[in-house]
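Enquirer: Protein chains in written order, with the UniProt record's numbering: chain A, 1 to 389; chain B, 1 to 389; chain C, 1 to 389; chain D, 1 to 389.
Number of protein chains: 4
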Amino acid sequence: MSEKLRVAMIGHGFMGAAHSQGWRVAPRFFDLPLEPAMQVLVGRSLDSTVAAAEKWGWAETATDWRAVIARDDIDVIDIVTPGDTHAEIAIAALEAGKHVLCEKPLANTVAEAEAMADAATHAATLGSRSMVGFTYRRVPATTFARDLVAAGRIGEIRQVRAEYLQDWLADAEAPLTWRMKKEQAGSGALGDIGAHAIDLVEYITGQSVDSVSGIIETIVKERPVLGSGSGLSGTAGEGRGAVTVDDIALFSGRLNSGALASFEATRFRTGRKNALRIEISGSSGALAFDLERLNELEYYDATQGALEQGFRRILVTEHDHPYLDAWWPTGHMLGYEHGFSHQVRDFVTAIADGTQPRPSFADGLHVQRVLDAVERSSAAGSTWVTTTG
Amino acid sequence: MSEKLRVAMIGHGFMGAAHSQGWRVAPRFFDLPLEPAMQVLVGRSLDSTVAAAEKWGWAETATDWRAVIARDDIDVIDIVTPGDTHAEIAIAALEAGKHVLCEKPLANTVAEAEAMADAATHAATLGSRSMVGFTYRRVPATTFARDLVAAGRIGEIRQVRAEYLQDWLADAEAPLTWRMKKEQAGSGALGDIGAHAIDLVEYITGQSVDSVSGIIETIVKERPVLGSGSGLSGTAGEGRGAVTVDDIALFSGRLNSGALASFEATRFRTGRKNALRIEISGSSGALAFDLERLNELEYYDATQGALEQGFRRILVTEHDHPYLDAWWPTGHMLGYEHGFSHQVRDFVTAIADGTQPRPSFADGLHVQRVLDAVERSSAAGSTWVTTTG
Amino acid sequence: MSEKLRVAMIGHGFMGAAHSQGWRVAPRFFDLPLEPAMQVLVGRSLDSTVAAAEKWGWAETATDWRAVIARDDIDVIDIVTPGDTHAEIAIAALEAGKHVLCEKPLANTVAEAEAMADAATHAATLGSRSMVGFTYRRVPATTFARDLVAAGRIGEIRQVRAEYLQDWLADAEAPLTWRMKKEQAGSGALGDIGAHAIDLVEYITGQSVDSVSGIIETIVKERPVLGSGSGLSGTAGEGRGAVTVDDIALFSGRLNSGALASFEATRFRTGRKNALRIEISGSSGALAFDLERLNELEYYDATQGALEQGFRRILVTEHDHPYLDAWWPTGHMLGYEHGFSHQVRDFVTAIADGTQPRPSFADGLHVQRVLDAVERSSAAGSTWVTTTG
Amino acid sequence: MSEKLRVAMIGHGFMGAAHSQGWRVAPRFFDLPLEPAMQVLVGRSLDSTVAAAEKWGWAETATDWRAVIARDDIDVIDIVTPGDTHAEIAIAALEAGKHVLCEKPLANTVAEAEAMADAATHAATLGSRSMVGFTYRRVPATTFARDLVAAGRIGEIRQVRAEYLQDWLADAEAPLTWRMKKEQAGSGALGDIGAHAIDLVEYITGQSVDSVSGIIETIVKERPVLGSGSGLSGTAGEGRGAVTVDDIALFSGRLNSGALASFEATRFRTGRKNALRIEISGSSGALAFDLERLNELEYYDATQGALEQGFRRILVTEHDHPYLDAWWPTGHMLGYEHGFSHQVRDFVTAIADGTQPRPSFADGLHVQRVLDAVERSSAAGSTWVTTTG
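#1: Spatial neighbours of Ala286 of chain B within its chain, please: C-beta separation below 7 Å, excluding the five flanking residues on both sides.
#2: Would you mind giving the Cβ-Cβ distance between Ser252 of chain A and Ile193 of chain B, rounded to the nearest angstrom? I have them listed as a contact below 8 Å.
#3: With distances taken between CB atoms, is the gap from Val243 of chain B to Val225 of chain B smaller than 8 Å?
#4: Is His99 of chain C helix, strand or coil when you go by DSSP?
#5: Where does Leu165 of chain A land, buried or exposed, given buried means 16+ other C-beta within 10 angstroms?
#6: At a CB distance below 9 Å, what residues from the stretch 326-355 of chain D approach chain A? Give them in sequence order.
#7: Kindly indicate which residue of B:Thr386, B:Ala380, B:Gln368, B:Ser377 has the alpha-carbon position closest to the one of Asn108 of chain B.
#8: Output the residue ranges of the beta strand (DSSP E) runs that lie fully inside the stretch 107-157 of chain D and measure 3 residues or longer, sorted by chain position.
#9: Just to confirm, is the Cβ distance from Val370 of chain C to Val212 of chain C under 8 Å?
#10: Can the beta-carbon of Leu200 of chain A be found closer than 8 Å to that of Ala261 of chain A?
#11: Less than 8 Å between the CB atoms is what I'm expecting for Leu5 of chain C and Asp75 of chain C, so what's the real figure, rounded?
#12: Using beta carbons (cut-off 8 Å, strictly below), is Ile193 of chain D in contact with chain C?
#13: Counting only runs that start and end within the stretch 186-270 of chain B, where is the alpha helix (DSSP H) found for 4 or more residues in a row?
#14: With Val42 of chain B as the anchor, note down where its beta strand (DSSP E) starts and where it stops.
#15: Taking just the CA atoms, how far does Glu375 of chain D sit from Ile248 of chain A?
#16: Would you check if there are 3 or more beta carbon pairs closer than 8 Å linking the stretch 332-348 of chain D to the stretch 17-29 of chain D?
#17: Among the residues of its own chain, which have a CB less than 7 Å from the CB of Ser382 of chain C, if the five just before and after it don't count?
#18: Would you tell me roughly how many angstroms separate the C-alpha atoms of Ala170 of chain C and Thr270 of chain C, rounded to the nearest one?
#19: Return no unless some Cβ of chain B is closer than 8 Å to the Cβ of Tyr300 of chain A.
#20: What separation, rounded to the nearest whole angstrom, lies between the Cα atoms of Gly191 of chain B and Thr177 of chain B?
#21: In angstroms with no decimal places, state the Cα-to-Cα distance between Ser128 of chain C and Leu41 of chain C.
#22: Can you list, in chain order, the residues of the stretch 274-298 of chain C whose Cβ is nearer than 7 Å to any Cβ on chain A?
#23: Indicate whether at least one CB of chain C lies closer than 8 Å to the CB of Leu232 of chain B.
#24: Are the beta-carbon atoms belonging to Ala124 of chain B and Gln356 of chain B less than 8 Å from one another?
#25: Here's the rule I'm using: 16 or more other beta-carbon atoms within 10 Å means buried, otherwise exposed. How should Ala113 of chain B be labelled?
#26: List the residues of chain F that Thr317 of chain B touches, going by C-beta distances under 7 Å, in chain order.
#27: Between Trp56 of chain C and chain B, is any beta-carbon pair separated by less than 8 Å?
#28: Is the separation between the beta-carbon of Gly331 of chain C and that of Asn295 of chain B shorter than 8 Å?
#29: Give me the chain A residues within the contact set of Ile314 of chain C, using Cβ-Cβ distance strictly less than 8 Å, ordered along the chain.
#30: In terms of residue numbering, what span does the beta strand (DSSP E) encompassing Asp353 of chain A cover?
#31: Using the Cβ count rule (16 or more neighbours within 10 Å means buried), how would you classify Leu106 of chain D?
#32: Just mark Glu217 of chain B as buried or exposed, buried being the case when its beta carbon has 16 or more other beta carbons within 10 Å.
#33: Could you spell out where the beta strand (DSSP E) holding Leu5 of chain B opens and where it closes?
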């Protein structure tokens with residue numbers, strides 16, 4: 001490694017820990033063309049930002065992201081703030097000539113996402129790279145699934161099932177947090193986890209969801225108000241408040257090839273903790289993935305002898321599987337945060353190569369359009385709605 | 001066993017073999033209050049009927065089902081013919097005072113099913129029992145699932161997923177048979193296997209599907225015409241013919257409690273052979289079943305300590321599990337056709353007791369209404385349609 | 001079917017029900033060259049024998065097995081009595097010119113088994129066929145596993161793991177029954193279930209276990225005496241009695257090819273109900289089977305591309321899988337007792353063809369020798385002992 | 001974090017990468033009482049040591065481990081060299097007053113391990129802490145298994161099965177490396193992976209293996225010599241050389257409670273990549289773990305209602321599961337190297353607290369004695385051998 005790539009990260013919640021781990025670990029396992037330096041951590045509260053920077057290993061801290069973006073010695077802006085701030089920060093950073101990595105979802109609205117995609121397209125002509133953080137594309141098993149589809153190993157895609165199942169709201173007495181408020185979270189299960197399912201389907205199949213029909217719904221409509229002292233009014237902690245985002249989203253989508261895909265995103269599938277599952281059925285094979293067993297990919301090869309066909313549990317831990325050359329010997333498992341190292345590798349490589357990394361802001365915009373179309377379909381009695389307008 | 005219960009079975013396809021096995025085996029394992037006698041097998045072609053009767057052990061054969069229904073020495077009419085003949089035969093049998101067991105789906109149309117349900121209601125007042133053959137209710141694991149739900153072991157039902165996945169049409173060159181022709185089969189994946197998923201959801205939850213939104217579709221629209229000599233025209237075996245039933249059905253349903261259920265029935269899920277899977281998510285637990293592992297039921301108890309929760313693979317083979325007292329010691333597996341013995345046990349018991357067996361013709365009619373509503377929703381751009389008219 | 005094959009079955013416990021089901025059902029699904037007739041059921045107690053015969057469908061009953069063997073109108077003697085009576089009955093039947101099907105284990109001692117094998121060899125020259133009832137050879141998945149090994153699909157066998165895990169004695173307060181008494185049962189877990197594991201390994205690999213080193217042990221050494229009124233003394237039901245058979249057997253075996261096999265038979269693997277599991281590891285592949293999922297076979301093909309290898313779950317339910325042509329469409333499961341129908345098919349076919357059915361009495365004798373060698377090794381501090389003397 | 005804990009690591013193979021990741025990552029997720037500083041990396045070859053230090057982030061390099069041990073500014077010596085060098089380095093480090101973390105196996109011989117354990121005992125009185133690197137104890141699922149056993153959740157331990165299955169030598173043409181030479185590797189599958197199985201059994205059960213009976217064997221006795229230019233003679237790369245370590249080890253062990261445990265360690269279980277599996281069967285429950293699915297623990301509770309018992313798949317990813325409070329939300333998976341961070345946390349904590357970390361050198365010595373006893377038993381015809389003499 002020679003030349004430095006100086007990074008500033010804005011935000012320091014759960015995603016900040018994951019991104020920090022990616023910046024820290026990637027250069028230790030991959031031979032990167034540029035050496036990331038964890039330069040500045042930016043947060044609104046100085047105290048908590050300093051604590052996070054010390055814990056995660058950022059060299060400096062700041063509270064004014066605009067000032068950081070203005071610095072000449074910063075190359076990359078990594079955005080891990082809530083979705084309603086993405087557009088403003090990302091566009092400013094792109095205009096300042098920075099490379100931008102933005103957590104998913106790209107934005108809370110289609111309009112914001114469009115502005116971001118436009119800014120990214122323009123900035124690309126001036127050399128700025130931008131990428132949205134759908135890291136589940138970078139699980140070796142999903143990348144390998146994409147490779148198998150692209151190589152024709154399951155033939156023509158016939159239908160798709162994608163579901164992202166969690167249960168952390170199954171308890172009706174779980175308290176009301178900002179994630180259940182539309183004005184802050186933008187969306188519920190649909191945007192939070194359904195977005196991953198949509199991106200992963202588009203990534204693995206190489207197709208886009210062109211129209212949808214679906215329903216979103218709030219199962220538990222009121223929840224206990226949290227009585228914390230975090231700046232809320234004197235009635236904090238008393239009574240119940242309305243949940244204004246969806247708990248569940250069920251929708252069908254039409255891929256551009258004409259194939260149907262069926263989606264489910266929910267926080268109410270009791271006992272399912274983080275089950276992002278995709279099954280792609282093709283004319284000559286099928287693939288199945290479950291994030292709860294992320295080192296495995298199931299592959300069915302329908303071209304083998306009829307008596308010998310079966311879903312094959314591939315441990316995606318061979319040296320020549322995607323990303324695996326950097327890690328451990330065969331049979332040694334990777335975990336959740338490895339995807340963030342892979343993201344860093346791919347982003348840094350694209351910056352060095354001057355190529356457009358994927359998923360681009362345009363990819364993120366498309367996911368946003370699908371989410372928006374699902375909401376519009378639900379509002380219109382589940383009639384079919386196109387994702388392009 | 002003392003008094004005989006003389007049975008005539010009309011039809012002798014695949015289902016005839018399964019029903020025969022039920023009539024033959026049930027009295028050998030269960031202590032039935034009446035002794036079934038396999039008296040008459042009825043078919044259109046004498047030769048094939050005689051061959052089937054000899055193979056399966058029916059005492060007599062006949063080709064005129066009306067004549068058989070008219071016989072005084074026949075107590076039960078078991079109907080295993082194609083769906084378009086069910087109504088005529090069943091109504092005639094009920095009017096003749098017979099007990100009637102009718103294969104699913106109850107009929108090919110709602111109108112026929114309504115007539116059958118009306119006939120059954122009237123006949124019941126005169127002592128005739130009638131039942132529709134949704135045998136997957138009688139897999140011990142599904143019966144036990146119903147018991148657990150009824151006992152409140154998963155709390156309030158929050159959402160349901162039901163899918164019936166097969167792949168026998170995944171090959172686009174699989175030939176065109178009567179099952180792919182609407183005039184004979186009535187419906188494709190929706191009626192053939194989707195009906196099972198609907199019935200099983202209603203059975204296990206104890207709720208009804210009140211409205212639906214969905215889409216049905218034919219994936220492979222033309223298939224090679226079969227060139228058999230079975231009475232077709234001289235051009236038989238040449239060219240391709242249109243598939244006029246659905247290959248796939250995707251729909252959401254609203255249960256009467258308000259909970260959402262998501263359904264999929266398909267013959268194109270490559271690698272899935274007979275995967276009727278149900279998952280019921282409740283406020284304090286969940287249940288999951290897969291027909292490909294029919295001796296197992298997965299149960300998640302959310303009332304246990306948080307660190308110890310997990311889906312539990314119950315082998316439903318204990319002596320005190322439903323139906324199991326008749327069979328083998330713990331850990332010895334049952335297969336597909338055991339459901340037909342269980343069906344015979346329950347039907348014969350209801351006849352002896354003078355009680356209404358379930359699923360009744362009214363239950364079968366309701367499933368038919370759901371199927372019809374899915375077709376209507378699909379035709380109306382997936383808008384929501386009630387199942388009651 | 002034309003000519004009758006008249007069968008008498010001696011014994012009517014749990015195995016009697018299973019064998020009866022085999023005789024009853026096999027001719028209804030398979031085209032047998034001879035038509036089995038369930039002629040006589042023989043038992044010591046007339047009342048219980050009559051009840052069993054009525055329930056299972058045997059035409060006559062008898063209490064004197066010697067008289068039945070002497071009858072000219074009986075072709076087959078099917079022995080399902082406890083192991084200590086096998087030798088006497090089987091030898092007498094063979095000497096009377098009958099075909100003999102004998103439940104496993106062939107006998108309780110090597111000496112008895114030798115006498116039986118000798119009698120079988122002699123009788124074969126006079127046209128009598130004999131077979132021992134290791135029905136787990138006739139599960140389609142195990143038969144198919146044997147076929148794959150024989151076709152070289154896993155290459156040279158490198159090592160074998162076989163285990164038969166149950167837990168019905170895990171409760172230390174489970175009462176003392178005859179199965180825990182050496183004088184009646186002969187052996188504990190070793191002979192009861194270990195015998196199946198040995199036979200299945202020899203069947204699938206086509207090799208024999210030539211020597212063994214192992215240990216057998218009684219984990220719970222005393223159990224409550226059963227206080228039933230079944231002819232025991234006045235102190236019945238009081239106190240505890242000694243368990244005189246093994247609860248667990250652990251042993252290694254050397255196959256004739258030189259490969260090592262590791263065995264475990266136990267009634268103390270809490271939570272395992274009937275887990276007969278075999279894994280055969282070869283130079284170019286592997287096979288894994290579990291009786292608790294008996295419709296599945298896992299196959300690993302090490303000749304495929306390194307990135308695509310994985311254990312493949314084959315649903316052994318295709319029409320062209322072993323025995324499956326007689327049963328249901330793809331994806332419809334078989335259960336425990338289907339093996340007994342397959343056994344009848346193979347036995348009747350061998351009788352009609354005049355060929356030696358397998359497993360022969362010689363095969364059964366060999367298993368007995370392995371069991372005996374394990375007991376001798378255990379008694380000699382686990383030193384290696386050959387199975388041939 | 002305040003006070004620094006300055007670490008020198010000796011060796012930089014595969015284990016060096018894993019240990020480095022542990023030192024680097026642990027302080028970023030856990031609140032450690034001392035702050036580890038990755039000070040010196042020591043290796044024989046300067047060039048490769050410098051390259052590794054740069055890649056992994058060590059501040060300095062050195063080639064003379066004795067000189068590093070003599071430095072006052074080094075607190076911890078972390079040993080990841082081959083086993084034949086452990087004793088010399090560890091004893092010297094302990095005598096120099098360092099804390100010592102030593103990779104497993106503790107040594108290549110019992111005599112070396114004894115000397116190390118003696119040195120550790122003496123050094124402990126002077127404040128030096130020492131630990132051996134059996135990191136599979138620190139997978140959350142295995143730690144939680146230990147907790148459940150200790151809490152009596154499976155009752156009295158009845159029997160144990162432990163196997164460590166790999167297949168990287170299944171190919172008979174895989175070349176001869178130092179790992180297949182006894183003088184360097186000390187042992188084959190037995191010491192390399194069997195040691196993990198032994199340690200894990202002793203850890204989870206809280207018992208020790210007191211005697212063993214077993215066999216070790218080389219399946220492929222000659223392999224192609226590697227033709228590398230790494231200092232070998234002129235005939236390098238030609239012909240075949242003898243494999244002088246075991247490929248497979250099968251043994252039974254007696255725990256101090258009297259229960260039997262069955263072990264298998266092998267590099268020939270085709271298709272099994274890294275399957276360290278433990279099943280502990282108790283009088284009121286059972287536990288099963290598989291390293292290939294390391295985020296899961298299966299638990300069977302035999303105290304629940306008989307109809308509802310089943311192996312429960314617990315996702316060991318809850319905040320309150322062992323080590324999980326430091327990582328991600330529920331349902332986000334950990335991987336192989338997380339165990340090394342947990343090891344650092346526990347080691348650093350013990351140093352700060354002045355308590356004895358486990359597994360101690362005495363624990364490592366005991367594992368060595370079990371390995372030695374297996375070899376002696378194998379040499380003595382599989383007779384039982386105690387592990388204490």
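Glycine included, every Cβ here is placed at the ideal spot set by N, Cα and C.
Note that the coordinates shown come from a computational prediction; the quantities given were computed from them, not determined experimentally.
Expert: Taking the structure as given:
#1: If the five residues before and after Ala286 of chain B are omitted, its C-beta is found closer than 7 Å to the C-beta atoms of Ile154, Glu279, Ile280, Tyr300, all from its own chain and listed in chain order.
#2: Under the criterion of beta carbons closer than 8 Å, Ser252 of chain A and Ile193 of chain B do not qualify as touching, at roughly 18 Å.
#3: Cβ atoms of Val243 of chain B and Val225 of chain B: not closer than 8 Å.
#4: In this structure, His99 of chain C counts as strand in the three-state DSSP scheme.
#5: Within 10 angstroms of the beta-carbon of Leu165 of chain A lie 16 or more other beta-carbons, which makes it buried.
#6: For the stretch 326-355 of chain D, which is checked against every Cβ of chain A, the residues closer than 9 Å are Trp327, Trp328, Pro329, Thr330, Gly331, His332, Met333, Leu334, Gly335, Tyr336, Glu337, His338.
#7: Comparing Cα positions, the closest option is B:Gln368.
#8: The stretch 107-157 of chain D is shown to contain whole beta strand (DSSP E) runs of 3 or more residues at 130-132, in chain order.
#9: Remark: C-beta atoms of Val370 of chain C and Val212 of chain C approach each other more closely than 8 Å.
#10: Ala261 of chain A is positioned such that its CB atom lies no closer than 8 Å to that of Leu200 of chain A.
#11: With a Cβ gap of about 5 Å, Leu5 of chain C and Asp75 of chain C count as contacting.
#12: So no, Ile193 of chain D is outside the interface.
#13: Taken in chain order, the complete alpha helix (DSSP H) segments of 4 residues or longer contained in the stretch 186-270 of chain B are 195-205.
#14: Residues 35-42.
#15: If I take the Cα positions, the gap works out to 59 Å.
#16: Touching, yes.
#17: Cβ contact annotation for Ser382 of chain C (same chain, cutoff 7 Å, sequence separation greater than five): Ser213, Gly214, Ile215, in chain order.
#18: Between Ala170 of chain C and Thr270 of chain C, the C-alpha separation is close to 6 Å.
#19: Chain B has a Cβ within less than 8 Å of the Cβ of Tyr300 of chain A.
#20: Within the model, the alpha-carbon separation for Gly191 of chain B versus Thr177 of chain B is close to 16 Å.
#21: Roughly 21 Å between the two C-alpha positions.
#22: Flagged: no residues at all.
#23: At Leu232 of chain B, the pLDDT of 35 sits below 50, so the modelled position is not reliable and the matter cannot be decided from this model.
#24: Cβ distance < 8 Å, so Ala124 of chain B and Gln356 of chain B count as in contact.
#25: Counting C-beta atoms within 10 angstroms of its own C-beta, Ala113 of chain B has 16 or more neighbours from the protein chains shown and is therefore classed as buried.
#26: In the structure shown, chain F cannot be found, because the protein chains are A, B, C and D.
#27: Closer than 8 Å to some Cβ of chain B, the Cβ of Trp56 of chain C qualifies, so yes.
#28: No Cβ-Cβ contact shorter than 8 Å links Gly331 of chain C with Asn295 of chain B.
#29: Per Cβ cutoff of 8 Å: Leu307, Glu308, Gln309, Gly310.
#30: Run containing Asp353 of chain A: none in the beta strand (DSSP E); it sits in the alpha helix (DSSP H), 338-353.
#31: The residue is buried, with at least 16 neighbouring Cβ atoms inside 10 Å.
#32: Glu217 of chain B comes out buried.
#33: Start and end: 4-10.
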